[in-house]
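Remarks on the structure that follows.
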Amino acid sequence: MKIYMSGSIYGGTQKIDTYKKLIEALKSYGEILDDQIADENTIAKEAFQNDEDIYKDLESKMKIADIIFAEVSIPSLGVGYELGFADKLGKRIIAIYDETYTPKVSTMIRGNKRIGLIPYKDISEIINNLDNILKKY
């Protein structure tokens with residue numbers, strides 16, 4: 174399975190440790206197409222890349238992904254865009270959020286029944302339940 178992992182970078186990296194744990198757990202289910210969200214140096218690295226090249230790279234990865242797995246606790250224009258793009262591609266989408274950090278996510282995510290939206294209080298709840306989550310959504 175090819176997994177596209179989405180999470181806030183420019184909107185804030187407060188959940189980077191969560192991204193790292195989740196990506197590590199998801200590796201046992203398939204290939205992670207983009208693990209840059211778990212890299213503290215992503216913003217610095219992107220300063221040396223062309224925005225259009227980054228966009229094209231991420232777009233191509235989303236097109237070949239079997240599933241989009243997004244951590245949406247931190248509001249992010251990029252993550253929202255990726256979810257909309259993935260939805261239009263007809264991709265399986267799972268969005269998770271830390272309800273102790275963000276009690277309610279955007280209506281555009283909550284209202285879209287094609288997105289499997291799952292709250293958690295500790296990322297271990299998601300990691301320990303990945304088999305069931307991936308089967309259900």
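Residues in the sequence shown are numbered consecutively from 174, following my numbering. All C-beta atoms, glycine included, are put in the ideal place defined by N, C-alpha and C. Please read these numbers as outputs of a predicted model, since none were measured by experiment.
Rounded separation between residue i and residue j - CA only
i	j	result
isoleucine 175	asparagine 302	For clarity, residue 175 is lysine in the given sequence; the question names isoleucine instead. Taking the straight line from one Cα to the other gives about 19 angstroms.
glutamate 244	tyrosine 192	8 angstroms
asparagine 285	aspartate 271	19 angstroms
tyrosine 183	tyrosine 177	18 angstroms
arginine 283	asparagine 223	33 angstroms
aspartate 304	glutamate 204	16 angstroms
lysine 316	serine 181	Outside the shown range of the chain (174 to 310) lies residue 316, about which nothing can therefore be said.
lysine 188	isoleucine 210	10 angstroms
asparagine 281	isoleucine 291	The question names asparagine, but residue 281 in the sequence shown is methionine. About 15 angstroms.
For residue i, the nearest candidate out of the options (CA to CA)
i	options	result
isoleucine 288	Lys188, Thr273 and Ile269	Ile269
leucine 231	Ser179, Ser246 and Ile282	Ser179
leucine 262	Lys234, Met281, Ile227 and Gly203	Lys234
aspartate 207	Lys294, Lys236 and Lys308	Lys236
lysine 308	Gly253, Ile282 and Ile240	Ile240
aspartate 190	Asp212, Ile205, Pro292 and Thr280	Asp212
tyrosine 310	Glu225, Gln187, Glu197 and Lys264	Lys264
Residue i vs residue j beta-carbon contact at 8 angstroms
i	j	result
isoleucine 306	isoleucine 296	no
isoleucine 266	aspartate 260	yes
phenylalanine 242	leucine 199	yes
Cβ-based burial, residue i [other Cβ within 10 Å; buried from 16]
i	result
serine 201	exposed
glutamate 255	buried
lysine 229	exposed
isoleucine 315	The chain is shown only over 174 to 310; residue 315 falls outside these bounds and no answer can be derived.
lysine 294	exposed
Are at least three pairs of beta-carbons, each pair with one atom in the stretch 269-282 and one in the stretch 243-252, less than 8 angstroms apart? yes
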